[in-house]
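Below is one structure; the comments refer to it alone.
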Amino acid sequence: MADIHIEEFYKDAAIALVQLYNAFPRRVNLFVEDIAGPDEPDEFGLHSKRHMACFGTLLWLAEEGLLRYVDTIRQEALDQAVLTQRAFVRLSSPASPDLHEENNADSSQDLPPAIREDFSTHIHMLRNALRSGSSAKISRVMQATFFRDRSDH
445 MADIHIEEFY
455 KDAAIALVQL
465 YNAFPRRVNL
475 FVEDIAGPDE
485 PDEFGLHSKR
495 HMACFGTLLW
505 LAEEGLLRYV
515 DTIRQEALDQ
525 AVLTQRAFVR
535 LSSPASPDLH
545 EENNADSSQD
555 LPPAIREDFS
565 THIHMLRNAL
575 RSGSSAKISR
585 VMQATFFRDR
595 SDH
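Have a look at this one:
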């Protein structure tokens with residue numbers, strides 16, 4: 445993928461969704477700096493384009509019905525954010541077998557069925573993709589998780 449801003453969007457969205465899944469069902473503050481890294485506003489108090497792109501990603505996730513929040517904390521964070529039912533169910537559901545095979549470095553055939561089932565979920569695929577650090581892998585998993593199969597509407 446040549447568009448770096450799209451790769452950053454997928455990574456920011458993935459990190460935010462994993463943070464919210466890890467806290468679910470508690471409401472938590474989602475800080476842009478925890479997702480995109482530290483940012484120093486300029487002499488006019490304006491954040492960098494990178495910071496604002498991450499903040500925009502969080503707002504977009506809310507607009508698309510993947511998370512809810514009570515308010516924004518300036519342009520620093522979302523206050524009391526939580527996954528929506530749709531996002532929680534999607535992240536908890538099994539990924540397609542082709543995505544599982546492509547992203548599975550574990551030899552999960554030797555594992556008990558319950559653990560094998562956990563390893564086949566979208567959230568597990570997303571965590572593995574983030575751990576790998578591969579922008580291409582993160583993009584593929586995000587697309588497969590939220591953007592390819594729109595039948596869950």
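Residue 591 in the working numbering sits at position 147 of the sequence shown, with consecutive numbering throughout.
Glycine included, every Cβ here is placed at the ideal spot set by N, Cα and C.
- Roughly how many angstroms separate the alpha carbons of Leu574 and Gly489, rounded to a whole number? Answer to the nearest angstrom: the Cα atoms are 31 Å apart.
- Query: How would you write the range of the beta strand (DSSP E) that Phe475 sits in, first residue to last?
  - Reply: Start and end: Val472 to Phe475.
- Query: What number of angstroms, rounded off, separates the C-alpha of Leu464 from the C-alpha of Ser536?
  - Reply: A direct Cα-to-Cα measurement between Leu464 and Ser536 gives close to 12 Å.
- Query: Could you check where the beta strand (DSSP E) with Ala525 kicks off and where it finishes?
  - Reply: Run containing Ala525: Ala521 to Leu527, per the beta strand (DSSP E) assignment.
- Query: Three-state secondary structure (DSSP) at Ile456?
  - Reply: In the sequence on display, residue 456 carries Asp and not Ile. When secondary structure is reduced to three states using DSSP, Asp456 falls in the helix class.
- Item | Anticipated Cβ contact below 8 Å, Leu522 with Tyr513, distance rounded | About 4 Å; that satisfies the 8 Å criterion.
- Task: Drop a sphere of 10 angstroms on the beta-carbon of Ile479, count the other beta-carbons inside from all chains shown, and report buried for 16 or more, exposed for fewer.
- Result: Buried: at least 16 other Cβ atoms inside 10 Å.
- Quick one, which of Lys581, Ile448, Arg518 and Pro485 has its alpha-carbon nearest Leu474's? From the listed residues Lys581, Ile448, Arg518 and Pro485, the smallest Cα separation to Leu474 is found for Arg518.
- Message: How far does the alpha helix (DSSP H) with Thr501 in it extend, from its first residue to its last?
- Response: Element bounds for Thr501: Lys493 to Glu507.
- What are the boundary residues of the beta strand (DSSP E) that Asp515 is part of? Asp515: member of the beta strand (DSSP E) spanning Asp515 to Ile517, first to last residue.
- Task: Would you mind working out which of Asp483, Gly481, Ala460 and Pro482 sits nearest Val472, comparing C-alpha positions?
- Result: Check the Cα spacing between Val472 and each of Asp483, Gly481, Ala460 and Pro482: the tightest is with Ala460.
- Query: In three-state DSSP terms, what is Leu461?
  - Reply: The answer is helix: DSSP assigns Leu461 an H, G or I state.
- Task: Have a look at Ala458 and Leu503 and give me their C-alpha separation to the nearest angstrom.
- Result: Answer to the nearest angstrom: the Cα atoms are 14 Å apart.
- Message: To the nearest angstrom, how far is the alpha carbon of Ala506 from that of Asp515?
- Response: For the pair Ala506 and Asp515, the Cα-to-Cα distance works out to about 11 Å.
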